[in-house]
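First residue of the sequence shown: 233, per this note's numbering; consecutive thereafter.
Please read the structure below before turning to the comments.
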Amino acid sequence: MGRTILITGCSSGIGRACALGLKERGWKVFATARTAEDIEELKSLGLTSLHLDYADEESVKLCADEVLMRTGGKLDALFNNGAYGQPGAVEDLTREVLRAQFEANLFGWHDLTRRLIPAMRVNGGGRIVQNSSVLGFVAMKWRGAYNASKFALEGLSDTLRLELRPFNIHVSIIEPGP
């Protein structure tokens, strides 16, 4: 098997474009989506597609286990990309809404990443790419929950980069925006 990557949030946008582009370049791409319809569409494009819902801990575990099983424990790269934005004024955000934003945009990413790091370490290295946002370092009004989740992701990713450097595991952050 050639180089392998798990890309999350491939139903559209950056995730889908990266999955198709890397597949064309010979990578074995595991492309995730949340809905059965999107999973089937990705499969029709020739991608190995798996279910992943960052907000569901069991889904995260099953996805990580499936990828490692299919690759014999070898994963070259992880691209954490799937996320969503909850609009609204900060004062209007309930605890549940804020918690849901962090589950999808931070806690699920962390859980998936920590489950895959040991395989990268055993295999002598790897790459983790985190799709953050310009809103991870510059806030925008009415986007408080999203801003906060991306600010937290930036801090967690910077720390992870420092901790994993000795193991030849490289952590990168991309920050797309308007």
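Even glycine gets a Cβ: it sits at the ideal position worked out from N, Cα and C.
Is residue i helix, strand or coil when you go by DSSP?
i: K255; result: helix
i: S364; result: coil
i: N379; result: helix
i: G356; result: coil
i: A263; result: strand
i: V370; result: coil
i: G387; result: helix
i: G340; result: helix
i: G305; result: coil
Please say whether residue j and residue i have beta carbons closer to each other than 8 Å?
i: A321; j: W374; result: yes
i: A287; j: A315; result: no
i: V292; j: L279; result: no
i: N324; j: I237; result: First, the residue type needs correcting, since residue 324 is Asp and not Asn in the sequence shown. Not closer than 8 Å, so no.
i: R302; j: D285; result: no
i: N312; j: N363; result: yes
i: E407; j: S381; result: no
i: S404; j: R359; result: yes
i: A249; j: A263; result: no
i: E273; j: D343; result: no
i: E386; j: F369; result: yes
i: L330; j: A377; result: yes
i: L277; j: E298; result: no
i: G245; j: I239; result: no
i: N400; j: G356; result: yes
i: L367; j: G409; result: yes
How far does the beta strand (DSSP E) with residue i in it reach, from first residue to last?
i: T240; result: Note, T240: premise wrong, no beta strand (DSSP E); not H, not E.
i: K293; result: No beta strand (DSSP E) holds K293; the alpha helix (DSSP H) holding it covers 289 to 302.
i: L310; result: 309 to 312
Could you check where the alpha helix (DSSP H) with residue i kicks off and where it finishes?
i: A268; result: 268 to 276
i: T425; result: What is shown of the chain runs 233 to 410, which leaves residue 425 out entirely.
i: V322; result: Element bounds for V322: n/a, residue is neither H nor E.
i: E328; result: 327 to 334
Tell me, please, whether the stretch 346 to 357 touches the stretch 367 to 386 by the rule of three or more beta-carbon pairs shorter than 8 Å. no
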